[in-house]
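Structure first, commentary second.
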Amino acid sequence: MELKDFGIPTLTKHCNESLILAILFGGKKHGYQLALEIEEKSDGNFKFNHGTLYPILHKLEKEKLIKGNWKQEGPKRKRKYYTLTAKGKKYVSAQLSEWQKFFHHFFSILGEIEK
Amino acid sequence: MKRFVPLLRKINEQLNLPQPIKSRIILEMAADLDDLYETYRSKGLNEDEAVQKAEEKFDASAETLAELASVHTTGFRKFLDKISQRSLVTWERITLVIFILAITVNSSYTIFRTSFLQNSSKFVYPISVFFLVIIGIAISKFYQIYIKKDHSLNKLRTGINSIPNIGILNIFIGGFGYIFEILASGGQGIMFVPFLLIIIDTSPPDAVYMLVDLVNTMIKTTSLMMVCILSTMITALFWFGLMNKITKIEHAEAIFLLDD
């Protein structure tokens, strides 16, 4: 993903993907844990409705940026945990620099207000 | 999970995906719903309030589910789903089937009762061979589903996409054959009317032979198109019928899993 992909229509989508990938950088998580951790670490500023996580998670899995593994939890419950793949780690590191560039340009325009 | 069965059933209805992908997604959602429920219970809500809050927070809207389905659907399957979903209403399906059967019966009569095939293009033969392959696949799927009643989810869709794939191949062969015959005749098929007028106007010595060649070209290309269209329509009927049954079986299987 490059800076030129950060169009207004796709900004939210890229933002959500980046948040999920960044949280997974810290270790394997399932869907509920991901939504919870994003909300906690952003002091409630980024909130996910849990259902909206699934299209993003499954898309990232299809693109092989993350990998899902089923784990038995108790006698009657299975849980799907997601981990970052090597491709995903490279991708999220590249995303970090693109986001930094994006906000640099963003604030350079917004900074005009103070002048 | 039982407390969320009504919501999960609704998701099962709306999520347009084959098994076992659909069951796995629903299992994933069920586990997260349970966790949401436990969180709200730990905050002091009673059971009913916790279930309601969990379902509100979850957001399994039609748009979200459609987006989820599109992640797992290939471009070709999206195209086929668009076509098959077009006739969801019963009377539309019945009308479509009657219409196609009427054309099929009429065309079959023309093809087999006249010397139609004797004068047709050679491209009719590969189309016929591939059509026989389609019939073979359709018969084997019919036997598996209706007679043997082997509804194993991992075998249900095996080979079913070969039917429309070979059908599309037949369309390409028909189209290619049509163009080939036109070009082989020196473009007479395209220029039928002007060519006919030239023959009538100039009355060349071999006008009769030219007219015979022209008519032969038209018979070849027309017969090829009739066979191609007929095989395509029957292929489409097979595919729609089998896919409807497969979808019903997968849907029933998902309901059974939810009840478990």
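Chains as they are written, first to last, in numbering that gives the first Met the number 0: chain H, 0 to 114; chain W, 0 to 259.
Just so you know, even glycine gets a beta-carbon here, dropped at the ideal spot from N, CA and C.
Computed from a predicted structure; not experimentally measured.
- In the structure shown, Asn118 (chain W) falls within a helical segment according to DSSP collapsed to helix, strand and coil.
- Met232 (chain W) and Asn15 (chain W) have their C-alpha atoms some 25 Å from each other.
- Considering only beta carbons, no part of the region 241 to 254 of chain W lies closer than 9 Å to chain H.
- Contact between Lys66 (chain H) and Thr82 (chain H) holds: CB atoms are separated by about 6 Å, below the 8 Å threshold.
- In the structure shown, Asn164 (chain W) falls within a helical segment according to DSSP collapsed to helix, strand and coil.
- Taking 9 Å as the CB threshold, Ile172 (chain W) stays off the interface with chain H.
- The region 22 to 33 of chain W makes no contact with the region 86 to 93 of chain H; the number of CB pairs closer than 8 Å stays below 3.
- The three-state reading of DSSP puts Arg76 (chain H) in coil, since its state is none of H, G, I, E or B.
- Shown here, Gly43 (chain W) sits in coil according to DSSP, grouped into three states, outside any helix or strand.
- Gln18 (chain W) counts as buried, since no fewer than 16 other beta carbons sit within 10 angstroms of its beta carbon.
- Taking the Cβ atoms as the reference, Trp69 (chain H) lies roughly 5 Å from Lys79 (chain H), within the contact range of under 8 Å.
- Among the residues facing chain W, Thr11 (chain H) is not included, as its CB has no counterpart in that chain under 9 Å away.
- Boundaries for Asn11 (chain W): no beta strand (DSSP E) harbours it, while the alpha helix (DSSP H) harbouring it runs 4 to 13, taken from the DSSP string.
- For Gly67 (chain H), the enclosing beta strand (DSSP E) has its first and last residue at 65 to 71.
- A Cβ-Cβ contact shorter than 9 Å links Lys219 (chain W) with Ser120 (chain W).
- Sorting W:Gly166, W:Phe239, W:Gln143, W:Leu64 by C-alpha distance to the C-alpha of Ile93 (chain W) places W:Phe239 at the top.
- Segment contact: the region 96 to 106 of chain H against the region 37 to 46 of chain H, fewer than three CB-CB distances shorter than 8 Å; contact not assigned.
- Judged by DSSP in its simplified three-state form, His29 (chain H) adopts strand.
- When C-beta distances to chain W are compared with 7 Å, the residues of the region 38 to 64 of chain H below that value are Asn48, His49, Gly50, Thr51, Tyr53, Pro54, His57, Lys58, Lys61, in chain order.
- Ala251 (chain W) places its beta carbon 9 Å or farther from that of Gly166 (chain W).
- Annotation: the continuous alpha helix (DSSP H) that includes His49 (chain H) extends over 49 to 61.
- Per DSSP, Thr38 (chain W) has no beta-bridge partner at all.
- Its Cα nearest to that of Asp33 (chain W), the residue H:Glu72 stands out among H:Gly110, H:Glu72, H:Thr84.
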